[in-house]
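Visitor:
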Amino acid sequence: MRTVAARVTVFLFGLAISAAPAVSQRLDQPVPFDTAVTSGALSNGLRYYIRHNTRPEKRVVLRLAVKAGSLDEADDQQGLAHVLEHMAFNGTTNFKPGELVKYFESAGTRLGPHVNAYTSFAETVYMLELPTEQDGLVAKGLVTLADFAGGMTLDSGEIDQERGVVLEEWRLGLGAGSRIRDKQIPVLYHQSRYAQRLPIGKPEILKTFKPERLRAFYRQHYRPDRMAVVGVGDIDVAAMEKMVRETFSALKNPSQPLGTRDDAVPLHAGTLVSVATDPEAQRSSVSVVRKRAADPDGRVVDYRRDLVESLVEQMINERFQDMAQKPDAKFLGAGAFGDSLSPNADAFHLRAGVTDGGIEAGLTALATEAQRLRQHGFGAPELERAKKWMLASYERAFAERDKTESGSFAGEYVRHFLDGEPSPGIEYEVKAVREFLPGITVEETNAAIRRLLGDGSRVLLAVSPQKPDLQVPTEAQLHAALAAGERVAVTAWTESETRKSLLETPPAPGAVKARREIPELGVTVVTFSNGVDAWLKPTDFKNDQVLFTMYAKGGSSLAPPERFTEALLSTSHVMLSGVAGLRATEIPRVLAGRLAQALPFVSLNTHGISGSSTPAELETALQLLYAEFTAPGDDSDAFGLLKKQLEAAVANRERNPMAVFGERLAQLNSSNHYTSQPVTSERVARLDRDAMVRFYRERFSSAADFTLFVVGAFKIDDVLPLLARYVGGLPSGGRRASTFKDLGIRFPTGVHREKVEKGREPKTQTILTFYADPPVDELEMVKLHAATDVLELSLRDLLREQLGQTYTVSAGYSDLRPQAGTGRVTVSFGAAPENADAMIDRILQEVKRMQREPASEDYVNRTKESSRRAREVSEKQNNYWLGGLQSHHVMERDPLLMLKADERIARVTPAVVQEMFRKYFPLDRYTVVTLVPGQ
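Start counting at 1 in the sequence shown, then tack on 7, and there's your number in my numbering.
#1: By Cβ distance below 6 Å, which residues in the same chain neighbour D931 in space, the five residues on each side in sequence not counted?
#2: List the residues that DSSP assigns as beta-bridge partners of F836.
#3: Among L543, T687, V763, whose alpha-carbon lies nearest the alpha-carbon of F721?
#4: Given this structure, state the Cα-to-Cα distance separating P28 from G529, to the nearest angstrom.
#5: Output the residue ranges of the alpha helix (DSSP H) runs that lie fully inside the segment 99-172 and measure 4 residues or longer, sorted by chain position.
#6: Using 10 angstroms around the beta-carbon of Y125, count the other beta-carbons present and answer buried if the total reaches 16, otherwise exposed.
#7: Hey, quick one: how far does the beta strand (DSSP E) through E764 stretch, first residue to last?
#8: At the level of alpha carbons, what is the spacing between D901 and H895?
#9: The alpha helix (DSSP H) that contains L468, what's its start and end?
#10: With a cut-off of 8 Å, do at least 3 Cβ pairs link the segment 676-688 to the segment 649-668?
#11: Taking C-beta to C-beta, are K520 and S508 nearer than 8 Å?
#12: Note down the Cα distance separating G158 from A146, rounded to an integer number of angstroms.
#13: How would you write the range of the alpha helix (DSSP H) that T934 sits in, first residue to last?
#14: What number of angstroms, rounded off, separates the C-alpha of L938 from the C-alpha of F836?
#15: As a quick exercise: from E872, R268, R306, pick the residue whose alpha carbon is nearest that of A908.
#16: Mapping the DSSP letters down to three states, classify D476 as helix, strand or coil.
#17: Kindly indicate which three-state DSSP category L357 falls into: helix, strand or coil?
#18: Could you check how far apart the C-beta atoms of F777 and F928 are, in whole angstroms? I think they sit under 8 Å.
#19: Per DSSP, which residues does L78 bridge with? Please list them.
#20: Can the beta-carbon of G76 be found closer than 8 Å to that of S127?
#21: Nearest to R198 by alpha carbon, out of G585, G562, L348?
#22: For H383 and Q321, I'd like the C-alpha separation in whole angstroms.
#23: For V867, collect the residues of the same chain with a Cβ closer than 8 Å to its Cβ; drop the 5 residues on either side in sequence, then sort them by chain order.
#24: In this structure, does DSSP put P902 in helix, strand or coil?
#25: Any idea what DSSP makes of F224, helix, strand or coil?
#26: Under 8 Å by Cβ, that's how I've got P37 and R422 pegged, so tell me the actual separation to the nearest angstrom.
#27: Is it true that the CB of T116 sits closer than 8 Å to the CB of E92?
#28: Secondary structure at L181, three-state DSSP: helix, strand or coil?
#29: Where I456 and R381 are concerned, what is the direct C-alpha to C-alpha distance, given to the nearest angstrom?
#30: When you compare only the Cα positions, how much space is there between R506 and L729?
#31: How would you write the range of the beta strand (DSSP E) that L55 sits in, first residue to last?
#32: Buried or exposed: E80, going by 16 or more other Cβ atoms within 10 Å of its Cβ?
#33: Sort out for me which residues DSSP pairs S46 with in a bridge.
#34: Compute the beta-carbon to beta-carbon distance between A587 and L510, rounded to the nearest angstrom, for a pair I have assumed lies under 8 Å.
#35: Tell me which residues share the same chain as R222 and place their Cβ nearer than 7 Å to its Cβ, disregarding the 5 neighbours each side in the sequence.
#36: What's the C-alpha gap between D724 and L34?
Next up, the structure:
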C-alpha cells in the first residue's frame, strides 16, 4: 500500500471539521469513506465518485479508471493494453479518427495537460480536464469516457497508422535507464509476471500483431464491472450523477467471466542480487530491498500502523542526511522509503548513491545503519521531531481543505477504486493524527523498524558505470559487504545538543519610508529605510501559503569569466555550510514542525532569496532570509562535500548521450560563449572556495540593491512589523548599485547543421533553433508564442498523426533576457535514425509554408482558446503573481499589463501568425543539431 508520507500530499479534502466522523473508535473498525463524495454503482457494476470542488473554478476533472493493464496480456498481446489506450483517441462511436483531440482543443484544453491517459501493469486511466461553463462540454466529456469504455472503433487502418507512434514512444524510452531496469526487474520481481509484462511491450509484437488480438483484449478486459468514473470540479453533483447513470448504464459485461489475474510477487528465502552495469550509466548506487507480505489495509489499526511507518521513514532519512554531510561518509546521499510491489507484497528500501568504486563501502554503511536501527532503534528527540513534521503536514492539509485542486481529489478516488486505498477525508485524518500521535512510542517505532528490516526476501540492487578502469563488485562481494556491515558492533545513535532558536539576537527593525497602493493589482508597495522596496499582494487563493522572492539584478553575469562556475555554486556552498552559526544538519532540528523555507539563488541575471511558509511561520522564513544575508556559513568540510558531489555528478558526463548533445547545442547556439561550457572534473578540481564565499558576500552585502515580492495569505498590517525587522533591518549601502552585465552571448550567423554521434540505441533527438530577437513588448510576445503553438499543432498532425514517425514534437520560444540578443525559437523531436533528416526537411518546408500563407484559422483559434483558458486558471495561483510581478520589474515593464492578457490574445489572427513566421523564423539563420547513435 502507499505510505502515509506519500498519501498526505493528496489527502487535502473535506467540509467543516465538526462534520467529520469521530476517530475514537475500535481499532478493528474500517476507516470510513469521505462523506463529501457522492459514490455508487450502476447495475452493470461500474462505480462512480463525484465531488463538488472549486479549485480551479469553472473546471471539472474527469477520470475513467479501468482495471486492465499489461499483466492481463497474453504472450502475443504484449504492449497491446498500451496500444489500446492510444487507439481511444483514434476513432470511437462519437468521434471519427482525428476529431476527438481537435474537439477538446477547440474548447481550450491541450493534449497532454488536459487530455491524456496512461497504462500500467494493472490499470489504464483516461483523463480529461474541461471548462464547465460551455454548454454541453461536460456531457460530451462523459460521452467520450463512455466511448473509451465501450465504443472504440479499432479500425485496422488506424491501428496500423498508430503502430509507428507507439514504436516511437518505445524508442524514446531507450537508454541506460531502460537497460538497467531490464536487468533489475527480473530480480526485484523474482518469479513473477511483472518482468515479462512491461507496459510498453515488445517492438517485434507491436510491429506485427493482428488487429483482432487488440479487439479481443478490448472485448475481454474493458468491462464495466472493472471500471470507475470520477468527476470532481465546479459542477452540480446531482446533475453529474444523473448524467453518469444515463451515459454509462448501457455498457454491458461480456458473458464469459474474467479469469484471475496473475499479479503475485512471491517471497523467497535468502538475498538475491542484481549487479547492473552500463557504459552510459551516470551514477553508482546500491539498494537493500526487503520484501514482505502486504500489510492489510482499510481498518483504523492499519491507518495507525501507516502513521508509525511514516514516522520511521522520516527518522531514518534525517539520520541519512546527517551522515551524508560528514567528511568520512561512505555515500553521497541515502534514503529510505516503503512501497507496494504488488497486491500481495510490500517492500522497504534503503538506497545510497555512492562514488564510482564505492558500492561495497556504501552497502556496508547501509547494513551497519540497519543493524544500529534493529538493535538500538530511535531516540525520543528524533521521534518528537518526526511527530512535529507529520502534524504540521496534516494541519496544513486541513487548513487548505477548501483550496485543494480537483486533480488531487480525482487521483485519490482513482487509487481508492484501483487499490482499495482508504479515503476518509482530511477532517477524519487530522483528527486521527491528533489523537494517535501522542500515544505512539519509541518502542512502537523500534518494533516497526525491526519488522521492516527483517531477514529473508531481500534483494541487493547495484548500479555502476561500465568503464575499463572501474572494478565492479561481484555478487559474492556484495554478499560479503552486506555481512560485514551486519557484523559491526554498533552503539546507539547520538546527536549533539542544538540551540532552540534560529537567530540568537533579533535585528533592530528598519522604518517604513514610503507606502503606495496599486489598487488595480491589489498591491501595496512599501519602501524601507534601508532602500528595499517590498511589493505585497494579499490573496485568498490558498489559506496556508505565503510565497516570496527578494532579488537584485546582477547574478553570475557579474562574475569574471574564470570564476563563473564559482558564482553559480556559491549558494550551494552556503547551504551545505549552514547559516547563523548553525550547521546545515542542525537547521532542520531547530525548525522541526515549522513549514518555512528560504533558499538563496544565483541565476545569470539575478540573485536573491526565494521562500515559502505558512502564515504562522512567515517570521521563521524571514529569519532564514535574514541569516542568509547576514551570516552565511563557510565550512571547509561543506566545501569538500560539494566537490565530492560535483565530482560524482560530472565523472561520467561524457558517457551520457543527452548531456553531450545538450552541451554541444548550447555551445553552438551561443557561439561557444564561456557561459555554455560544461563543468568538467578538471574544473571541479580547480574550484576556489574563497572566490565562492567572496562572490556570495559581495552580492548580498547591500539590501538597497534588492526588491521583495510577497504573495499569499496574509494581511499587510500584520506582516509589516515582521518585514520591517527582517527585511528593513538588513544592512545596506544606501543606494541601488547592482545591475546585470551584458555578456555578449550571441547566436551564430548563417545556417549550421551538426550531428553528435553518441549512444547505443537506434534513436535520434533533433533540435532546430531559429534566431529570434523580439522587442520587450507583451503583445509581440503573445503573438510569437501563438506562432510557436500553431507550429507545434501543425507538426503534431504532420509528423505524428499523418506520418507516425515521432511520439512527440514541441516548439517554443525562450531567451536569457535582459541579456541582449538571446531569443530563440526551438523545435524538438525524436525519431528513428532513418527518418530524422527527412523530418527536418518537412519541418523547414512547414515553416516556409507558414511564411507564405496565413496560418490555419482552426489552429489559431485552438491556440487562442488554450491561452485564454490557461490564463483563467493561472491568475488564481500565487506563483503566477509572484513570477509575473518580478519579471515585469526585472524588465522594467508596467505591471498593469498583466491585467490585459485577454486583450492581447484577442489580437492574434492568422495573418498575425504569418507575420511572426516571417520575422522570427529566419531561414538564413538557424541551427540543426541531431543526436545520432555512435559508431
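The C-beta atom is built at its ideal place from N, Cα and C for all residues, glycine as well.
Guide: Let's see:
#1: none
#2: T773, V816
#3: L543
#4: Unreliable positioning characterises P28 in this predicted model, as indicated by a pLDDT of 46, which lies under 50. The coordinate reading is nonetheless provided below. Roughly 40 Å separates the two Cα atoms.
#5: 106-113, 144-157
#6: exposed
#7: 758-764
#8: 7 Å
#9: Run containing L468: none in the alpha helix (DSSP H); it sits in the beta strand (DSSP E), 465-472.
#10: yes
#11: no
#12: 16 Å
#13: First-last for T934: 933-939, but that is the beta strand (DSSP E), not the alpha helix (DSSP H).
#14: 11 Å
#15: E872
#16: coil
#17: strand
#18: 5 Å
#19: None, per the DSSP bridge assignment.
#20: yes
#21: The sequence as given places Gln at residue 198; Arg does not occur at that position. It is L348.
#22: 17 Å
#23: A793, V797, V915, T916, P917, V920
#24: helix
#25: helix
#26: P37 to R422, Cβ: 17 Å. No contact.
#27: no
#28: coil
#29: 7 Å
#30: 22 Å
#31: According to the sequence displayed, residue 55 carries Tyr and not Leu. Residues 54-59.
#32: buried
#33: Y56
#34: 6 Å
#35: L161
#36: 47 Å
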